[in-house]
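Below is one structure, written out as structure tokens, with a few remarks after it.
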Amino acid sequence: MLQKNKDLLIEIATRDVKSVFAYFKTTRDGLSVKEAQKRIQVYGRNELISKRALLAEVMIKLSGMIPGLSKQNVRDELQCETVTVSRVEASSVTGLNSELKMMKLPVQELVPGDMIFLEEGDIVPADVRIIYANDLLVNESVLTGNDASIEKFESCYHIERKRFIPLKRMKDYNPLELENVCFKGTYIVDGNAKAVVVSTGKNTYSGILHTCCGRMS
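Position 154 (the sequence shown) corresponds to 154 in full-length UniProt numbering; numbering is contiguous.
If you want it as structure tokens, here you go:
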């Protein structure tokens, strides 16, 4: 499963932007609202089953018995993290004319193909392929243990020049070195970016590691 995720990340990192859009059947403006609703049924919610989530489930079941604690209070706490997403909404009258909408959504509602915007202080909500970066610095210590800020770009141009070999020919390439990919759980130290969602929930790099560690424990 980790190898499959790794292969996907390398493939998406080496494609040009137009090809990335074609792969995910999305556009520079993002998915339609209707398509995003379909995809969440296919891919599931962008979340991991963690001890915190299991505790919250217990709290929701007990909420009716605890004074001052409601189910809505618990759900609001779980869904407080949001991300700016670009989606296209068709006219409710004709269904032909479309309108671009920028909206704040709970990160749990993200799906592959979504177009998101990241800025300083944001936690990256999914594995994403950067299509625009402005002085982007990312801290990946949650995955690497290295607290140094990593600069990210729209392409892998720098690393390809250093290795003198195309990424597509590097079967054992470390995806954490990809210059135009950000990973779920890392955070933006500086700058801003626009990116397309590649993987969500348990299918992200960190999600697969989480699953593997759970099986070993």
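Note that the Cβ used here is the ideal one computed from N, Cα and C, for glycine as well. As the structure is a computational prediction, the values presented were derived from the model and not from experiment.
DSSP lists V88 as the bridge partner or partners of S32. The alpha carbon of V128 has as its nearest neighbour, out of T144, S141, M103 and V85, the alpha carbon of V85.
A contact between stretches requires three or more CB pairs, one per stretch, nearer than 8 Å, and the stretch 30-42 meets this requirement with the stretch 105-121. If the five residues before and after S32 are omitted, its C-beta is found closer than 6 Å to the C-beta atoms of V88, all from its own chain and listed in chain order. In the three-state DSSP reduction, K25 falls in the coil class, being neither helix nor strand. Secondary structure of N134 (DSSP, three-state): strand. Classified as buried, L136 has 16 or more neighbouring CB atoms from the shown chains inside 10 Å of its CB. Note that the C-beta distance between A133 and S199 is not below 9 Å.
Going by DSSP, I12 is part of the alpha helix (DSSP H) stretching over L2 to T14.
Pairwise C-beta distances place the stretch 199-211 in contact with the stretch 172-188, as three or more of them are shorter than 8 Å.
Here the C-alpha atom of I188 lies approximately 12 Å from the C-alpha atom of D147. In the three-state scheme derived from DSSP, where H, G and I count as helix and E and B as strand, R45 is classed as coil. Judged by DSSP in its simplified three-state form, C182 adopts strand.
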